[in-house]
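Chemist: Handing you this structure, nothing more for now.
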Amino acid sequence: MTWNRLHYLLLGGLIILFFTVRMYFHEKSITKLPGRISMVKKNQRSLSVECYPTPRNMLDAREPNMTVISPQEVEHIVFVSNIHKVKSVVSHINNELNMNETTKLRETLNKFAIDFNGFVYLPGGHWKPKKYDDPSRVALIIPFRNREQMLGIFLRRMVPFLLRQRLQFAIFVVEQANNLKFNRGMLANVGFKESLRFEDWDCIILHDIDFLPRYNNNSYTCKNMPRHLMSGIEKRPKLYFQEFNGVTGFSRQQFVMMNGAPNRYWGWGGEDHDLRTRAEEIGFNIFRTEWPYGYYDHTPHQRRSYPEVEHKWKEFNQKAKQYISKDGLSNLNYPKPEIKFHSLYIHIKVNISKLPEDI
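Reminder that position 207 of the sequence shown reads as 207 in UniProt numbering, one-by-one numbering, no gaps.
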C-alpha cells in the first residue's frame with residue numbers, strides 16, 4: 001500500500017497523542033509518590049513501607065540557604081506588603097496579654113485574624129489553610145538556647161516549607177532562661193503543655209533548630225506517628241535504624257501516653273534514646289521518612305559536651321522503662337513562663353530547674 005501525505009499526518013497525530021497521554025498519566029502518578037514512610041519494627045531490621053499522597057510541586061529538593069538572616073528580615077520576605085498590618089496585630093496581642101493575665105488566648109487571637117494567601121493568619125505565626133477540610137494541626141516545638149543566629153535561618157526555610165504542605169501549624173520556640181545544663185526533654189514538655197493553650201494540636205514535632213529538611217516532600221503531616229523524620233544528614237548520609245534524634249513526631253495522644261519526654265537529662269543527649277524506649281514500651285510502631293526524602297542539612301555550630309554526666313546517660317537509658325510513669329509530664333514543675341508573640345513564632349521563655357533524681 002502506498003503511503004500518502006494523509007497517512008503520515010495521521011501517524012504523526014497518533015504519536016503526539018500517545019506521548020501527551022503518557023505524560024499526563026506520568027504526572028498524575030508522580031503526585032502520589034513520596035513521602036514514603038518506613039516502619040521500623042521493634043528489635044527488627046526489616047522494613048514495611050506505606051505510601052500516601054503528596055501535594056503537587058513538592059517533589060523537588062532544595063538546599064537550604066545557610067547565610068545568616070534575622071527573623072525580622074524573614075518577616076518582610078514572608079509578608080511583603082502586609083508586614084505593617086501583621087506587626088500591628090502582633091503588637092496589640094502582646095499589649096493585651098500584658099495588661100490582662102486572665103485573657104483567654106484562643107478567643108483573643110481569633111479577634112486579630114488576617115486573611116493571607118489562602119490562609120487565616122493569627123498572631124504568633126499560627127496558620128490555618130482556608131480550603132482544606134481537615135488539615136493536620138501541627139505544633140513545631142523548638143527547644144532553644146543561645147542559637148539566635150540560627151533562628152532566622154530556620155524560619156526562612158521552615159515557614160514557606162510548611163505553608164506549601166497546607167498544614168495548620170505554629171512554631172513554638174521554647175527557651176531555657178538560665179545557665180544550667182541544657183535540658184531538651186523538659187523544654188519539650190513545657191512546649192507541649194503551653195502549646196495546648198493555643199490549639200488542640202493533632203501532633204507535635206520536636207525539632208532541633210540546626211536541622212533543615214532538604215526535600216519539600218518530607219511530609220510534616222500527622223500521619224504515621226511516632227515518626228523519625230530524619231533518615232540522613234551531612235557527614236552521615238544514612239542513619240542507623242535505632243536512632244531517634246533531631247526531628248521526631250508524635251500524635252498528641254501518643255505523647256500523653258508516653259508521659260511526654262524525660263526531665264532527667266541535663267546536658268546534650270540521652271533523652272532521644274529514652275523517647276524511643278518509651279514509644280516502643282507503650283507498643284507503638286516507629287516510622288521513618290525514607291531515604292533520600294528524610295535528608296536534612298545541618299547548620300554548623302559549636303555544641304557543648306558534658307563528659308561529667310555522659311556516663312549517667314547510659315545508666316538512665318538502661319532504667320528508662322521503669323521511669324516512664326514517674327518522669328515526664330506527670331512530674332513536670334516549672335514557674336510561669338514569659339510568652340511573647342512574634343510575627344512568625346511564639347517565644348516561650350522558662351526558668352526550669354532540677355527535679356529529684358535529675359542528673
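Glycine residues also receive a C-beta, built at the ideal position from the N, C-alpha and C atoms.
#1: Near Ile69, what residues of its chain come up, given a Cβ to Cβ distance below 8 Å and the 5 sequence neighbours on each side ignored?
#2: Going by Cα to Cα distance, which pick from Leu275, Met258, Lys130 and Trp266 is closest to Glu243?
#3: What does the alpha-carbon distance come out to for the pair Ser91 and Gly283?
#4: On the three-state DSSP scale, how would you describe Tyr323?
#5: Got a sec: does the ligand ATP put a non-hydrogen atom nearer than 8 Å to the Cβ of Val90?
#6: Would you decide whether Tyr132 is buried or exposed? Buried here means 16 or more other CB atoms lie within 10 Å of its CB.
#7: Could you check the C-alpha separation between Ile348 and Gln176 for me, to the nearest Å?
#8: Could you tell me the alpha carbon to alpha carbon distance between Gln322 and Glu281, rounded to whole angstroms?
#9: Answer with buried or exposed for Glu75, where buried requires no fewer than 16 other C-beta atoms within 10 angstroms of its C-beta.
#10: Return the chain-ordered list of same chain residues with a C-beta closer than 7 Å to the C-beta of Ser46, the five sequence neighbours on each side being excluded.
#11: For the alpha helix (DSSP H) containing Met74, name the first residue and the last one.
#12: Apply the 10 Å Cβ neighbour rule to Ile30 and answer buried if 16 or more other Cβ atoms are within range, or exposed otherwise.
#13: Considering only their Cβ atoms, is the gap separating Val174 from Val190 smaller than 9 Å?
#14: Less than 8 Å between the CB atoms is what I'm expecting for Pro226 and Asp327, so what's the real figure, rounded?
#15: Give the DSSP-derived three-state secondary structure of Leu10 in the structure shown.
#16: Could you spell out the range, first to last residue, of the beta strand (DSSP E) harbouring Asn273?
#17: Give the list of continuous beta strand (DSSP E) stretches no shorter than 3 residues that lie fully inside the segment 92-118.
#18: Who does Leu212 pair with in a DSSP beta bridge?
#19: Using three-state DSSP, classify Arg227 as helix, strand or coil.
#20: Looking only at its own chain, which residues have a Cβ that is under 8 Å from the Cβ of Asn110, when we skip the five neighbours before and after it?
#21: Per DSSP, what are the beta-bridge partners of Ile251 in this structure?
#22: Anyone know if the C-beta pair for Phe255 and Ile204 falls short of 9 Å?
Modeler: Taking the coordinates as given:
#1: Taken in chain order, the residues that qualify are Gly152, Ile153 and Arg156.
#2: Considering only alpha carbons, the answer is Leu275.
#3: Their backbone Cα atoms lie some 45 Å apart in a straight line.
#4: Annotated three-state conformation of Tyr323 is helix, per DSSP.
#5: Among the ligands in the structure shown, none appear at all, so the ligand ATP cannot be discussed.
#6: Counting Cβ neighbours within 10 Å, Tyr132 comes out exposed, since fewer than 16 surround it.
#7: Our two residues, Ile348 and Gln176, have alpha carbons roughly 9 Å apart in a direct line.
#8: Those two C-alpha atoms are separated by around 10 Å.
#9: By the beta-carbon neighbour count (other beta carbons within 10 angstroms, threshold 16), Glu75 is buried.
#10: At Ser46 the pLDDT is 34, less than 50, meaning the model places this residue with poor confidence; the figure from the coordinates comes in the next sentence. Around Ser46: no qualifying Cβ.
#11: Note that residue 74 corresponds to Val in the displayed sequence, not to Met. Where Val74 is concerned, the enclosing alpha helix (DSSP H) stretches over Pro71 to Phe79.
#12: Note on Ile30: pLDDT 29, under 50, position unreliable in the model; no value is reported.
#13: Cβ distance < 9 Å, so Val190 and Val174 count as in contact.
#14: Contact between Pro226 and Asp327 is absent: CB atoms are separated by about 18 Å, not below the 8 Å threshold.
#15: The DSSP-derived three-state label of Leu10 is helix.
#16: The sequence shown places His at residue 273, not Asn. Boundaries around His273 are those of the alpha helix (DSSP H), Glu271 to Ile282, since no beta strand (DSSP E) includes it.
#17: Segments of the beta strand (DSSP E) lying fully in the segment 92-118: 114-116.
#18: BP columns for Leu212 point to Asp297.
#19: Note: Arg227 maps to strand in three-state DSSP.
#20: Apart from the 5 residues on each side of it in sequence, Asn110 sits with its Cβ closer than 8 Å to the Cβ of Leu122 in its chain, given in chain order.
#21: With the sequence shown as reference, residue 251 is identified as Ser, and Ile is not the correct amino acid for it. Looking at the DSSP output, Ser251 shares a beta bridge with Cys203.
#22: In contact: Phe255 and Ile204 (Cβ atoms closer than 9 Å).
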